[in-house]
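Notes follow once the structure below has been shown.
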Amino acid sequence: MNKFVILFFLLIAVNTSRAQINALTENGRQVVLFDNGTWKYSADSTGGNLTDTIKTNRAKFVKSPYATFLVKSNTVNVGVYINPAKWTFSPHRDNEIVPEYRFSLKSGNGQAMLATEKTPINLKNMRNIALINAQKAAADARITGQEYRITIIKRCFI
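In mature numbering (1 follows the signal peptide of the UniProt record, and there is no 0), the protein residues as written are -19 to -1, 1 to 139.
Dropping the structure here:
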């Protein structure tokens, strides 16, 4: 009887040693490691290429009447209206170029950035670039929502 128990545990040990190993990268992405030395991102990893699933929000967006202060970019022809009673903003710090502006809710419950670059970037790549940059500042950063919005031109909001 003891021989069967020992054989049973040995078979389980051999079987589990050949199983896939789940691991985390230094950026917090989940990967699966295989016996043959290869790996792939897990299906639930935030690093996957999900750009094909971005939906287009066709709703009409209107500026709030309380958003009376225009913060204009010095890099590209774009601006953001803010409600000065609720939001504060500051330009980039001396040791950085991006973001051009940082926005903070006065209540302390929210932040936003305006990152402007003249480099043309494909909208399908924008999601991954934004996520990688966010993970440099906070390794646990993840995308909680994304959509395309069409005003005059197509834009990607992440």
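A virtual CB, placed ideally from N, CA and C, is assigned to each residue, including glycine.
Ignore the nearest five residues each way along the sequence and tell me which others in residue i's own chain have a CB closer than 7 Å to its CB.
i           : result
residue 143 : No statement about residue 143 is possible, as the shown extent of the chain runs from -19 to 139 and does not include it.
Ser88       : none
Val61       : Val52, Leu95
Gln1        : Val13, Leu14, Phe15
Lys67       : Leu86, Lys87
Could you please give me the residues that DSSP links to residue i through a beta bridge?
i     : result
Ala93 : Phe84
Tyr47 : According to DSSP, Tyr47 bridges with nothing at all.
Leu5  : Gln11
Among the options, which has the Cα closest to the Cα of residue i?
i      : options                      : result
Ile139 : Pro72, Ala119, Pro46, Asn106 : Asn106
Met94  : Ser23, Ile63, Thr37          : Ile63
Asn109 : Gln127, Glu81, Thr97, Glu98  : Gln127
Asn103 : His73, Asp75, Cys137         : Cys137
In its own chain, which residues sit with a C-beta less than 8 Å from the C-beta of residue i, not counting the 5 before and 5 after it?
i      : result
Pro65  : Thr49, Phe50
Lys99  : Thr56, Val57
Ala118 : none
Near residue i, what residues of its chain come up, given a Cβ to Cβ distance below 6 Å and the 5 sequence neighbours on each side ignored?
i      : result
Ser71  : Arg83
Ala122 : Ala115, Gln116
With a floor of 3 residues, list each beta strand (DSSP E) that falls wholly inside the region 49 to 81, ordered by position along the chain. Runs found: 50 to 53, 60 to 63, 68 to 72.
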